[in-house]
Amino acid sequence: MMDRKKILEEGLLEKYILDELSAAESQQLSSIIANDEGLKKQFEALEEDFEKMAFENAIAPPGHIKIRLQKRLGESKVIPMPKSWRYAAASLTILFVLSAFWMFNRWQNSKNDFEILQEQTISLQERLNALEEDYLLTNRRLKTINGPKTIPLILDGNNLAPNSRAVAYVNHDRRIVMVNAQGLPELPDHSTYQMWSDVDGEMIDMGLLPTDEELITLKYIDKAESLNITIEPAGGNDHPTVEKLIAYVTL
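Quick note: the sequence shown uses our numbering, first residue 15, plus one each step.
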């Protein structure tokens, strides 16, 4: 069995160059050299050394070496690729590039669709959370105003606002006051409604009354004798404008 170790130890490369091997050994060694990059480089180096020695000593190399070198040089010529092969290779290259570009676009579109779907899902979840919060708040308020200890009080408008009406819901046990002010006329931007509690002749601020909300929770004031609504400058006032009192109710 001819292997790399035997080739190197027995100098079979040199014998091969000098044509001292049998035809079967030469064929076997030629196959091994072709598949072993290290042996191939060593063989080519030996050939160059033999040729250099021959030229330096002005000795014509053996004819079989010359023939083998010519044969090897002939075999190393580049065989031109047929045009049909070149066209096929170019077509395959273009097809590969187009396929890669198509796959990249599909991936990019899928990625964008996924991100849009994620954003829509997050937006929908936020809206659901907001609706749930609104539902819970509304449910709590309805339970409060419909509770057995909650007193509904109607504040009808006076001659300054004859068509006005507001409803206050007072629960003294829970110290809660909620007002539905949607029955009050809409005011210009520079004005607002404000509610006051009358305690021993002193008007105490309870908060503003926007007309675009169904129920507004205001401050609960102990020992209030009446609830009063006035028209004040936007942002509210620290004392009531009595001449713009539009509605009140006695507790």
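In this text, a Cβ means the ideal position worked out from N, Cα and C, and glycines have one as well.
Predicted model, so just to flag it, every value in this text is computed and none were measured.
Query - Extent of the continuous beta strand (DSSP E) to which R179 belongs - result: Numbered from 1 along the sequence shown, position 165 holds the residue referred to as residue 179. Element bounds for R179: R179 to N185.
Query raised in the report: So, is N194 buried or exposed, given that buried needs 16 or more other C-beta atoms within 10 angstroms?
Result: Within the sequence shown, residue 194 is the residue found at index 180, counting from 1. Buried: at least 16 other Cβ atoms inside 10 Å.
Requested in this report: Look up G221 in the DSSP assignment and give the residues it is bridged to.
Outcome: What you label residue 221 is simply residue 207 of the sequence shown in a count that begins at 1. BP columns for G221 point to M209.
Report task. Might you give, ordered along the chain, the residues of its own chain that have their beta carbon closer than 8 Å to the beta carbon of V181, omitting 5 neighbours on each side? Result -> Within the sequence shown, the letter at position 167 stands for residue 181. When the five nearest sequence neighbours on each side are left out, the beta carbons in the same chain lying within less than 8 Å of the beta carbon of V181 are those of P166, L167, I168, L169, V193, N194 and G197, in order along the chain.
Report task. Please name the residue, chosen from N185, S211, G249 and S178, that lies closest to K157 on a Cα-to-Cα basis. Result -> As a first step, residue 157 must be located in the sequence shown, where it is residue number 143. Closest option to K157, Cα to Cα, is N185.
Query raised in the report: On the three-state DSSP scale, how would you describe G52?
Result: Taking the first residue of the sequence shown as position 1, residue 52 is located at position 38. If DSSP states are grouped into helix, strand and coil, G52 belongs with the helices.
Query - Beta-bridge pairing of Y262 - partner residues as DSSP gives them - result: Residue numbering aside, residue 262 sits at position 248 when the sequence shown is read from its first letter. The bridge partners DSSP lists for Y262 are N242.
Query - Closer than 8 Å to chain B by CB, S44 - result: Among the chains in the structure shown there is no chain B, since it carries only a single protein chain.
Report task. Output the distance between the C-alpha atoms of I73 and E61, rounded to the nearest integer angstrom. Result -> Here the question's residue 73 lines up with position 59 in the sequence shown. Here the question's residue 61 lines up with position 47 in the sequence shown. In this predicted model, I73 has a pLDDT of only 47, less than 50, meaning its place in the structure is not dependable enough to derive any value.
Requested in this report: Please state whether DSSP places M16 in a helix, a strand or coil.
Outcome: In the sequence shown, residue 16 corresponds to position 2, counting from 1. M16: coil per DSSP, three-state reduction.
Report task. Would you mind working out which of D148, P254 and N119 sits nearest E228, comparing C-alpha positions? Result -> Numbered from 1 along the sequence shown, position 214 holds the residue referred to as residue 228. Minimum Cα-Cα distance from E228 among the listed residues D148, P254 and N119 corresponds to D148.
Query raised in the report: Mind checking whether N172 and D212 have CB atoms under 8 Å apart?
Result: Counted from its first residue, the sequence shown places residue 172 at position 158. Counted from its first residue, the sequence shown places residue 212 at position 198. Not closer than 8 Å, so no.
Query - Spatial neighbours of E200 in its chain, beta-carbon cut-off 8 Å, leaving aside the 5 residues before and after - result: Indexing the sequence shown from 1 puts residue 200 at position 186. Within the same chain, E200 has close Cβ partners T225.
**Report entry** Separation of N126 from P162, as counted between CA atoms
**Finding:** Taking the first residue of the sequence shown as position 1, residue 162 is located at position 148. Taking the first residue of the sequence shown as position 1, residue 126 is located at position 112. P162 and N126 have their C-alpha atoms some 56 Å from each other.
Query raised in the report: Are the beta-carbon atoms belonging to L35 and L22 less than 8 Å from one another?
Result: Counted from its first residue, the sequence shown places residue 35 at position 21. Counted from its first residue, the sequence shown places residue 22 at position 8. For L35 and L22, no; Cβs fall outside 8 Å.
Query - Length of the line joining the Cα atoms of Y207 and P254 - result: To locate residue 207, count along the sequence shown from 1; it is residue 193. To locate residue 254, count along the sequence shown from 1; it is residue 240. Answer to the nearest angstrom: the Cα atoms are 10 Å apart.
Query - Collapsed DSSP secondary structure at I235 in the structure displayed - result: Translated into the one-based positions of the sequence shown, residue 235 becomes position 221. In the structure shown, I235 adopts coil according to DSSP, grouped into three states.
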